[in-house]
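Accompanying notes for the structure given below.
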Amino acid sequence: MKKIVLIGMMFIYTLQLNAQFTKATLQATGLTCALCSNAINKALKKVSFVESVESDIKNSSFKIFFKQDAEVSIDLLKDAVEDAGFSVGSLKMTGNFNQVIIQTDHHIKIGNAYFHFLEASKQSLNGENTITIVDKNFVTAKQFKKKSSLSKMACVQTGKAENCCSKDGVPANTRVYHAII
Amino acid sequence: MVNRTVIIIIVFFLSIPFSSKAQPGPGKQTDEIALPAVNGDTIRLSSLKGKVVLLDFWASWCGPCRNSNKQLTKLYSKFKDKGFEILGVSLDSEINDWKKAIKKDKINWLQVIDNGGWEARTAIAWRINAIPTSYLIDRNGKLVGMDLEGKDLEKALKDILSK
Chain W
2 MKKIVLIGMM
12 FIYTLQLNAQ
22 FTKATLQATG
32 LTCALCSNAI
42 NKALKKVSFV
52 ESVESDIKNS
62 SFKIFFKQDA
72 EVSIDLLKDA
82 VEDAGFSVGS
92 LKMTGNFNQV
102 IIQTDHHIKI
112 GNAYFHFLEA
122 SKQSLNGENT
132 ITIVDKNFVT
142 AKQFKKKSSL
152 SKMACVQTGK
162 AENCCSKDGV
172 PANTRVYHAI
182 I
Chain V
399 MVNRTVIIII
409 VFFLSIPFSS
419 KAQPGPGKQT
429 DEIALPAVNG
439 DTIRLSSLKG
449 KVVLLDFWAS
459 WCGPCRNSNK
469 QLTKLYSKFK
479 DKGFEILGVS
489 LDSEINDWKK
499 AIKKDKINWL
509 QVIDNGGWEA
519 RTAIAWRINA
529 IPTSYLIDRN
539 GKLVGMDLEG
549 KDLEKALKDI
559 LSK
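Protein sequence lines correspond, in order, to chains W and V. The numbering of the first sequence is this note's numbering, which starts it at 2 and goes up by one. The numbering of the second sequence is this note's numbering, which starts it at 399 and goes up by one.
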């Protein structure tokens, strides 16, 4: 009996998680050559849900692989880069999606966090997909200005749920990531 | 309980040789480096005793390192006949990238490779956390400077070469 309940709970849990991020591609910017320092590499490896980090020399970026089924926090990746003395210039998140319906200016839960797509035709994401985070401090200041102008909603500027997000059922003050695909 | 004490004592003694391997600093005798050159021959740092050596850690993909190569070219031609040698240690993973960079930058000083990136044994032994990183080593194999560049490097070189 216990077993059945457990399997049932696991099933419900799997159903709830409509997507799981598996890896990321990160570009760092700073005064010096980001790949020439081992600091970012080291800082990223220390993040609890990170399995491994590879330097992608050709694209001057870091490939970050996540531990299986781990709860991924996008903000913690950024914090690690900043603690190493650099900033995030670009962050692409790749994951497995299970019928995640996205639409411009709608707030949806992907995995454990809320996302707001600034530029996306209405579509259902299935299988492996990559999204780009365009929140403040995840892109260059210039890029942020450009991307944030795509939406008039207040949450784009703050990265947190504002009045605009309540119609999609996002609790006030919850972290909302802004993305493009 | 006795077991635990024994283990602690063993761990303590095992840790001694590691803890003494602190970051290479001035006045310290250098650790041996024995790595392959482009032609496959092994070059040893110890074989350069008697010369003033600039040990230069770099990689082909490191922009600042490539700029530094240009500076080193001038410095090398100026001092190589006065007992100065450069030993470049590349951390490139791709040996071909390294070879191409040597050709492109017209490097004519000694070059070896430990192709494991930050995890390369030499990089770990020398505590390399960023490249370029360089060490200036005197005729007796002792460290006399770290990350000297441009005029500072030239001045330090003149000083120890005249000794």
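Backbone N, C-alpha and C define an ideal beta-carbon position, used for all residues, glycine too. For clarity, every value in this text was computed on a predicted model and none was experimentally measured.
Tell me whether Glu552/V sits in a helix, a strand or coil according to DSSP, three-state version.
Reading the second sequence from its first residue, position 154 is the one you call residue 552/V. It is helical.
Between Thr26/W and chain V, is the shortest Cβ-Cβ distance under 9 Å, so that the two count as touching?
The residue given as residue 26/W occupies position 25 in the first sequence. So no, Thr26/W is outside the interface.
Compare the C-beta of Asn130/W against all C-beta atoms of chain V and say whether one is closer than 9 Å.
As a working mapping, residue 130/W is identified with position 129 in the first sequence. Chain V contact via Cβ: absent.
Along the segment 514-532 of chain V, what residues have a CB closer than 9 Å to any CB found in chain W?
Residues Gly515, Trp516, Ala521, Ile526, Asn527, Ala528, Ile529 and Pro530.
Can you give the beta carbon distance from Ile526/V to Phe455/V, rounded, assuming they're within the 8 Å contact cut?
Counted from its first residue, the second sequence places residue 526/V at position 128. Counted from its first residue, the second sequence places residue 455/V at position 57. About 5 Å; that satisfies the 8 Å criterion.
Glu83/W by DSSP, collapsed to three states: which one?
Your numbering for residue 83/W matches position 82 in the first sequence. Helix at Glu83/W.
Tell me the DSSP secondary structure of Ser49/W in three-state form.
Looking up residue 49/W in the first sequence gives position 48. Looking at Ser49/W - three-state DSSP - the assignment turns out to be coil, as it is neither helix nor strand.
Taking a cut of 7 Å between CB atoms, which residues from the segment 434-461 of chain V lie near chain W?
Per Cβ criterion, the list reads Trp459, Cys460 and Gly461.
Roughly how many angstroms lie between the CA atoms of Gly425/V and Gln69/W, to the nearest whole one?
Looking up residue 425/V in the second sequence gives position 27. Looking up residue 69/W in the first sequence gives position 68. Distance between the alpha carbons of Gly425/V and Gln69/W: 48 Å.
Give the DSSP-derived three-state secondary structure of Ser56/W in the structure shown.
For this step, residue 56/W is matched to residue 55 along the first sequence. The answer is strand: DSSP assigns Ser56/W an E or B state.
So the candidates are Asn538/V, Gln427/V and Leu508/V; which of them puts its Cα closest to the Cα of Leu485/V?
Mapped onto the second sequence, residue 485/V falls at position 87. When only C-alpha atoms are compared, the closest one is Leu508/V.
Could you tell me whether any Cβ in chain W is nearer than 9 Å to the Cβ of Asp495/V?
As a position in the second sequence, residue 495/V is number 97, starting the count at 1. Answer yes: the Cβ-Cβ gap between Asp495/V and chain W drops below 9 Å somewhere.
Under 9 Å between the Cβ atoms of Val101/W and Ala162/W?
Working through the first sequence from its first residue, we reach residue 101/W at position 100. Working through the first sequence from its first residue, we reach residue 162/W at position 161. For Val101/W and Ala162/W, no; Cβs fall outside 9 Å.
Would you kindly work out how many angstroms separate the C-alpha atoms of Leu126/W and Ser74/W, rounded to a whole number?
Position 125 of the first sequence, counted from the start, is the residue given in the question as residue 126/W. Position 73 of the first sequence, counted from the start, is the residue given in the question as residue 74/W. Cα-Cα distance, rounded: 20 Å.
Say whether the segment 433-449 of chain V touches the segment 460-474 of chain V, bearing in mind that this needs 3 or more beta-carbon pairs closer than 8 Å, one atom from each stretch.
Verdict: no, contact absent.
Helix, strand or coil, according to DSSP, for Ser560/V in the structure here?
Taking the second sequence and counting its residues from 1, the one referred to as residue 560/V is at position 162. In the structure shown, Ser560/V sits in a helix (DSSP, three-state: H, G or I).
Could you confirm whether any beta carbon from chain W is found closer than 9 Å to the beta carbon of Ser475/V?
To locate residue 475/V, count along the second sequence from 1; it is residue 77. No, Ser475/V lies away from the interface with chain W (no Cβ there is under 9 Å from its Cβ).
Can you find a CB in chain W that lies within less than 9 Å of the CB of Lys419/V?
Reading the second sequence from its first residue, position 21 is the one you call residue 419/V. Low local confidence applies: a pLDDT of 46 at Lys419/V is under 50, so the model's placement there is unreliable, with the coordinate-based value given in what follows. With 9 Å as the cut-off, Lys419/V does not count as an interface residue toward chain W.
Return yes when the Cβ of Phe63/W is within less than 9 Å of the Cβ of Glu72/W, no when it is not.
Taking the first residue of the first sequence as 1, we reach residue 72/W at position 71. Taking the first residue of the first sequence as 1, we reach residue 63/W at position 62. No. Outside cutoff.
Relative to the alpha-carbon of Phe139/W, which residue among Leu119/W, His179/W, Thr23/W and Lys168/W has its alpha-carbon at the smallest distance?
Looking up residue 139/W in the first sequence gives position 138. Of the listed residues, the one whose Cα sits closest to Phe139/W is His179/W.
Here's the rule I'm using: 16 or more other beta-carbon atoms within 10 Å means buried, otherwise exposed. How should Gln28/W be labelled?
Numbered from its first residue, the first sequence carries residue 28/W at position 27. Looking at its Cβ environment, which holds 16 or more other Cβ atoms inside 10 Å, Gln28/W is buried.
Taking a contact to mean a Cβ-Cβ separation below 9 Å, would you say Asn513/V touches Glu492/V in this structure?
Taking the first residue of the second sequence as position 1, residue 513/V is located at position 115. Taking the first residue of the second sequence as position 1, residue 492/V is located at position 94. Cβ distance < 9 Å, so Asn513/V and Glu492/V count as in contact.
Could you check the C-alpha separation between Thr175/W and Asn130/W for me, to the nearest Å?
As a first step, residue 175/W must be located in the first sequence, where it is residue number 174. As a first step, residue 130/W must be located in the first sequence, where it is residue number 129. About 24 Å.
Report yes if the CB atom of Ser93/W is closer than 9 Å to the CB atom of Thr133/W, and no otherwise.
For the purposes of this step, residue 93/W is taken as the residue at position 92 of the first sequence. For the purposes of this step, residue 133/W is taken as the residue at position 132 of the first sequence. The residue you asked about is not Ser; residue 93/W is Lys in the sequence shown. For Lys93/W and Thr133/W, yes; Cβs fall inside 9 Å.
Taking 9 Å as the CB-CB cut-off, is Ser491/V touching chain W?
As a first step, residue 491/V must be located in the second sequence, where it is residue number 93. Cβ-Cβ to chain W under 9 Å: yes for Ser491/V.
Excluding the 5 residues preceding and the 5 following Val157/W in the sequence, name in chain order all residues of the same chain whose CB lies nearer than 6 Å to its CB.
Here residue 157/W refers to the residue found at position 156 of the first sequence. Excluding positions up to five away in sequence, the list reads Ser149 and His179.
With 9 Å set as the bound, which would you pick, yes or no: does the beta-carbon of Ala29/W sit closer than that to a beta-carbon of chain V?
Here residue 29/W is taken as the residue at index 28 of the first sequence, counted from 1. For Ala29/W, the answer is no, since every Cβ of chain V falls outside 9 Å of its Cβ.
Look up Thr26/W in the DSSP assignment and give the residues it is bridged to.
As a position in the first sequence, residue 26/W is number 25, starting the count at 1. DSSP lists Lys64/W and Lys93/W as partners of Thr26/W.
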